[in-house]
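Chains as they are written, first to last, in our numbering: chain A, 249 to 422; chain B, 1203 to 1426.
Remarks on the structure that follows.
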Amino acid sequence: MNPARKQALFERTVLPHLNAAFNLARWLTRDSHDAEDLVQEAFLRAFRSFETFQGNNADDSRAWLLAVVRNTCFTWLRKKGGQPTLEFDEQVHGGADESPNAESILLNQAALGSLQDCLEALPLEFREAIILRDLEELSYKEIADIARVPAGTVMSRLARGRKRLKECLAGGLR
Amino acid sequence: MNCETGRLLTETNDPAFAEHALSCPSCLIGMHARYYEAPAGLERKIRQSLRQESSAASPWRWMAIAASLLLAASGVWNIALLRSRVDPRQLIAANVLSAHVRSLAGTHLLDVPSSDQHTVKPWFNGKLDFAPPVKDLEGFPLLGGRLEYIDGRPAAALIYGRAKHTINLFIWPSQTPSSETARILNGYNQLNWSSDGMAFWAVSDLNETELRQFVSLYRRNQAQ
């Protein structure tokens, strides 16, 4: 593909998903500066491998870009260390499920504030699944492709992530 | 309760939403988790880096890479050529053979047909910037002389006969010393040597033994 045409096509099909890319990177890294750098890097990576992109609609190109963003962020986070990993989480917190008492909770500004904190406190893989599902509204299959795990794993991560979110919210509000 | 209901409840500030929110955290997130929009200027930065990447990968760069590869390859090739270069004597031998065959193929064997060395030798004066030693030899009658052009410079050709065979003896100034060397090229015998700052190349369809006789006779006479 001629470079000018490739760039034009890329800017038309991939660049419009910049907000989704940034949102994901921000949620994964929990830092706006890091997210900005990583999104730039991810766009360059995506551009370089744009020839391999096979999709033909906006949903495809968004999922494809998010996969690149996700991998860029995970690579960076692993190198940096410090984020709670799922392995750790699954070993330690694989057990009991005690739903918080719904009636005892009132939703208010404080609750929304703690929603942010609770989401950020989730293990990376849970957070990833929840952001892709609930904010980006991707399908299980799309999330499975992005995270490179079976769809069943995505569902279980979503369920467990949401459960922990509830626990966290209930704990923060109690 | 579905998410839409939850949305209505939260808009009306109904505490019932709290209940829903916990039963449906995905609604909670979808509606209340912050969606981070890309900061202003990020798109411009990305476009810029794409442009740089794009121009860096443009055909010009590939052409430049190709050109430098070609240059490197030709350098290697030249060095290889220099190293494997044929012995310059092989080239002279081929030259000498061509001159010999050409002299016999056409009508131009002799410029100065004379068996008298005192006729032939002066004939070269003014035609060459050197004086070839011209000797009449017993058993190898001198037939005459001819101007030749060998190895990029004028040369003297002395023509001797032996029975029905013809010997061309090419002479030209050369600073490359050479001991007597025999070779066969296309069935023709060649003998070359150097002496007194001149190169001598004898070529003939004569057998090697007789050609050697001729050469030793010529060299003995030359030394006298």
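Backbone N, C-alpha and C define an ideal beta-carbon position, used for all residues, glycine too.
| query | result |
| --- | --- |
| For a quick check, are the C-beta atoms of B/ALA1240 and A/ASN267 less than 7 Å apart? | yes |
| Nearest chain B C-beta to A/HIS341 closer than 7 Å, yes or no? | Confidence in A/HIS341 is poor, its pLDDT being 42 and thus under 50, which makes the residue's placement too unreliable to answer from. |
| Determine whether the Cβ of B/PRO1290 lies closer than 7 Å to any Cβ atom of chain A. | no |
| Could you name the residues of chain B that A/ASN271 contacts, counting a contact when the two beta carbons are closer than 9 Å? | ARG1236, TYR1237, TYR1238, GLU1239 and ALA1240 |
| In chain order, what residues of the same chain have a beta carbon less than 6 Å from the beta carbon of B/LEU1345, not counting five sequence neighbours either side? | ILE1361 and GLY1363 |
| Note down, one range per segment and in chain order, each alpha helix (DSSP H) of at least 4 residues found wholly within the segment 1288-1361 of chain B. | 1290-1307 and 1319-1326 |
| Quickly, what does DSSP pair B/VAL1484 with across the bridge? List them, please. | In the structure displayed, chain B extends from 1203 to 1426; residue 1484 of chain B sits before or after that span and is not available. |
| Measuring alpha carbon to alpha carbon, tell me which residue in A/GLY303, A/ILE391, A/GLU289 and A/PRO371 is nearest A/PHE270. | A/GLU289 |
| Put B/SER1381 into one of helix, strand or coil per three-state DSSP. | coil |
| Run through DSSP, which three-state label would A/MET249 get? | coil |
| What does DSSP give as the partner residues of B/GLY1363 in its beta bridges? | B/THR1368 |
| Kindly indicate the opening and closing residues of the alpha helix (DSSP H) around A/ASN305. | Looking at the DSSP string, A/ASN305 is not in any alpha helix (DSSP H), and its letter there is neither H nor E. |
| Is it buried or exposed, A/GLY329, if we count other Cβ atoms within 10 angstroms and call 16 or more buried? | exposed |
| Helix, strand or coil: how does DSSP classify B/LEU1283 here? | helix |
| So what does DSSP say about A/SER297, is it helix, strand or coil? | coil |
| Kindly confirm or deny that the segment 253-267 of chain A and the segment 1245-1253 of chain B touch, where touching means at least three C-beta pairs closer than 8 Å. | yes |
| To be precise: take each residue of the segment 301-331 of chain A, compare its Cβ to all Cβ atoms of chain B, and keep it if any distance is under 9 Å. Which residues remain? | none |
| Can you pull the chain B neighbours of A/VAL287, defined as C-beta to C-beta under 9 Å? | ALA1240, LEU1244 and ILE1248 |
| What is the DSSP secondary structure of A/PRO348, reduced to helix, strand or coil? | With a pLDDT of only 44 at A/PRO348, under 50, the local geometry of the prediction cannot be trusted, and the value read off the model is given with reservation. Correct three-state label for A/PRO348: coil. |
| I think B/LEU1339 touches B/ASN1423, with their Cβ atoms under 8 Å apart; what is that distance to the nearest whole Å? | 6 Å |
| Would you grab the beta carbon distance between B/TRP1325 and B/ILE1352 for me? Rounded to a whole angstrom, and I think it's under 8 Å. | Contact doesn't hold; Cβ gap of about 18 Å is too wide. |
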